[in-house]
Amino acid sequence: MGLFPPVVLPRFWLLWPFFVCFLMVTSFVVLGIAILWRYEGGRVSGPRLEQLQDPSLVGILPIGYLCREELWMACGGAVKAELLLAFRAFVVAYLLPQLLYNIVKDGVYVFFFYTQWTFTLLILYFALALRASVDHFVNQHYYCNRKPARLVPPDFGDDDEEEQKVLREEEDDAVQRSGVKSLLQNGKDHRQQEKGQLPFARGRGEKVENAGVAGYVTQAVFQAVFPAVLLTDMVYWGVLVPFVLPKSSGHTFIDLNMHAGNALLLLTEFALNSLRFPWFRGGYIILWSASYTYFQWTLFTMGLSHKWPYPFMNVETPWAPAWYLFIIVFHGICFALCLLLALGKQSIWSRFNFPTIPRMSF
Numbered sequence: 001m002g003l004f005p006p007v008v009l010p011r012f013w014l015l016w017p018f019f020v021c022f023l024m025v026t027s028f029v030v031l032g033i034a035i036l037w038r039y040e041g042g043r044v045s046g047p048r049l050e051q052l053q054d055p056s057l058v059g060i061l062p063i064g065y066l067c068r069e070e071l072w073m074a075c076g077g078a079v080k081a082e083l084l085l086a087f088r089a090f091v092v093a094y095l096l097p098q099l100l101y102n103i104v105k106d107g108v109y110v111f112f113f114y115t116q117w118t119f120t121l122l123i124l125y126f127a128l129a130l131r132a133s134v135d136h137f138v139n140q141h142y143y144c145n146r147k148p149a150r151l152v153p154p155d156f157g158d159d160d161e162e163e164q165k166v167l168r169e170e171e172d173d174a175v176q177r178s179g180v181k182s183l184l185q186n187g188k189d190h191r192q193q194e195k196g197q198l199p200f201a202r203g204r205g206e207k208v209e210n211a212g213v214a215g216y217v218t219q220a221v222f223q224a225v226f227p228a229v230l231l232t233d234m235v236y237w238g239v240l241v242p243f244v245l246p247k248s249s250g251h252t253f254i255d256l257n258m259h260a261g262n263a264l265l266l267l268t269e270f271a272l273n274s275l276r277f278p279w280f281r282g283g284y285i286i287l288w289s290a291s292y293t294y295f296q297w298t299l300f301t302m303g304l305s306h307k308w309p310y311p312f313m314n315v316e317t318p319w320a321p322a323w324y325l326f327i328i329v330f331h332g333i334c335f336a337l338c339l340l341l342a343l344g345k346q347s348i349w350s351r352f353n354f355p356t357i358p359r360m361s362f
């Protein structure tokens with residue numbers, strides 16, 4: 001007998017359907033990573049204001065670029081940024097106790113299901129979005145309340161009173177010119193907004209501020225959770241409820257929030273926020289769902305699980321490749337639906353001549 005016990009692989013590892021499913025899932029993962037590697041992130045600095053006169057221009061911003069203002073500003077000025085912040089805070093306060101209740105009630109076993117994964121990701125997105133909104137108002141409060149440094153003329157002694165008077169007059173003139181310049185700039189920015197230009201455009205010659213790592217993470221989570229929520233709800237109501245779950249099974253308050261309320265809250269957020277929806281970030285939903293699939297395969301390999309959470313994930317049947325291909329295609333359909341909703345949103349704001357975000361990239 002050797003030092004190590006023999007490794008006993010689950011029987012599905014020895015079946016051809018599993019290898020076909022593994023090849024399909026891994027191929028799409030490689031494709032998603034390649035696309036994200038090619039397009040993700042703002043690879044050039046933000047454009048100058050004169051380049052943003054027409055928000056419909058194509059090619060101004062790289063499709064992976066994200067402005068900081070897109071994280072906290074409501075699209076088209078539909079609502080005030082304060083209301084968007086309050087909505088995000090409400091969603092976090094509303095959904096987070098439900099997640100904690102599920103964990104306390106059933107333990108970590110709740111994460112055996114894809115629905116719980118998506119529900120957790122949804123809460124994570126709203127927490128990140130809330131952080132971005134709060135960060136904006138905190139910084140705004142800091143800069144608005146910071147007192148400008150006052151120039152104190154040097155002490156020339158009693159014999160130089162005339163020179164001190166001249167310096168004070170020059171200082172007062174400088175302050176007055178600065179105030180007039182500020183008023184003129186505010187009026188100019190207001191006229192630019194009335195023309196349908198970017199509501200967050202700064203001064204001429206200034207660059208749009210990059211969202212930073214936290215901003216890109218927020219955008220990535222948003223574009224992963226949106227199609228994942230649609231997929232979860234459609235599979236639940238279209239497949240599991242009529243064909244899998246017992247007819248007598250009811251729906252609790254938390255079940256309804258996890259399979260219907262989640263989509264309603266996310267669609268409201270989508271309608272209000274200014275986040276773009278670039279096509280290439282479909283790679284994130286691929287990575288998200290593939291991670292769950294690898295997680296389930298790992299549980300079976302380690303002998304920690306002996307049943308599949310969903311019947312269509314069973315790789316021990318000859319129909320497994322067809323089911324996995326259907327799931328992959330259905331992911332693409334859900335993401336395409338999100339893209340169509342983003343195009344419709346842009347069209348609505350443009351129709352009413354509201355200021356739009358810079359080039360909603362697809």
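Residue numbers (full-length UniProt numbering): 1 to 362. Glycine included, each C-beta is placed from N, C-alpha and C at the ideal position. Computed from a prediction, not measured in an experiment: that's the story for all the values here.
Through-space distance from residue j to residue i, alpha-carbon basis
{"i": "A290", "j": "T317", "result": "20 Å"}
{"i": "N257", "j": "A93", "result": "13 Å"}
{"i": "I348", "j": "A342", "result": "10 Å"}
{"i": "L275", "j": "L304", "result": "40 Å"}
{"i": "N262", "j": "V229", "result": "7 Å"}
{"i": "M302", "j": "V79", "result": "51 Å"}
{"i": "L66", "j": "F326", "result": "33 Å"}
{"i": "K247", "j": "L240", "result": "11 Å"}
{"i": "H251", "j": "H259", "result": "10 Å"}
{"i": "F300", "j": "K307", "result": "8 Å"}
{"i": "F253", "j": "F335", "result": "28 Å"}
{"i": "R351", "j": "Y216", "result": "29 Å"}
{"i": "A201", "j": "N210", "result": "Note that A201 has pLDDT 42, beneath the 50 cutoff, so the model's placement of it is unreliable and the number below is only indicative. In a straight line, the C-alpha of A201 is about 13 Å away from that of N210."}
{"i": "Q219", "j": "L339", "result": "14 Å"}
{"i": "F243", "j": "M234", "result": "13 Å"}
{"i": "F18", "j": "P97", "result": "38 Å"}
{"i": "E70", "j": "S249", "result": "43 Å"}
{"i": "V20", "j": "A81", "result": "49 Å"}
{"i": "L245", "j": "N139", "result": "50 Å"}
C-beta contact flag for residue i and residue j at 8 Å
{"i": "F280", "j": "I63", "result": "yes"}
{"i": "L122", "j": "L95", "result": "yes"}
{"i": "P88", "j": "F126", "result": "Residue identity differs from the one stated: residue 88 is Arg in this sequence, not Pro. In this structure, F126 lies closer than 8 Å to R88 by Cβ."}
{"i": "A74", "j": "L272", "result": "yes"}
{"i": "P337", "j": "V29", "result": "Residue identity differs from the one stated: residue 337 is Leu in this sequence, not Pro. Contact flag unset, no."}
{"i": "V134", "j": "L265", "result": "no"}
{"i": "L85", "j": "F22", "result": "no"}
{"i": "T232", "j": "Y114", "result": "yes"}
{"i": "F112", "j": "P309", "result": "yes"}
{"i": "G283", "j": "G41", "result": "no"}
{"i": "Y292", "j": "W117", "result": "yes"}
{"i": "N314", "j": "A320", "result": "yes"}
{"i": "V221", "j": "L124", "result": "yes"}
For residue i, the residue or residues it bridges with in DSSP
{"i": "N273", "result": "A74"}
{"i": "residue 363", "result": "This structure gives no information on residue 363, because the portion of the chain shown stretches from 1 to 362."}
Integer Cβ distance of residue i from residue j, believed to fall under 8 Å
{"i": "F226", "j": "F270", "result": "7 Å"}
{"i": "F119", "j": "L99", "result": "6 Å"}
{"i": "F277", "j": "Q223", "result": "6 Å"}
- Query: Where are the alpha helix (DSSP H) runs, 4 residues long or more, that stay fully inside the region 72-151, in chain order?
  - Reply: 81-106 and 114-145
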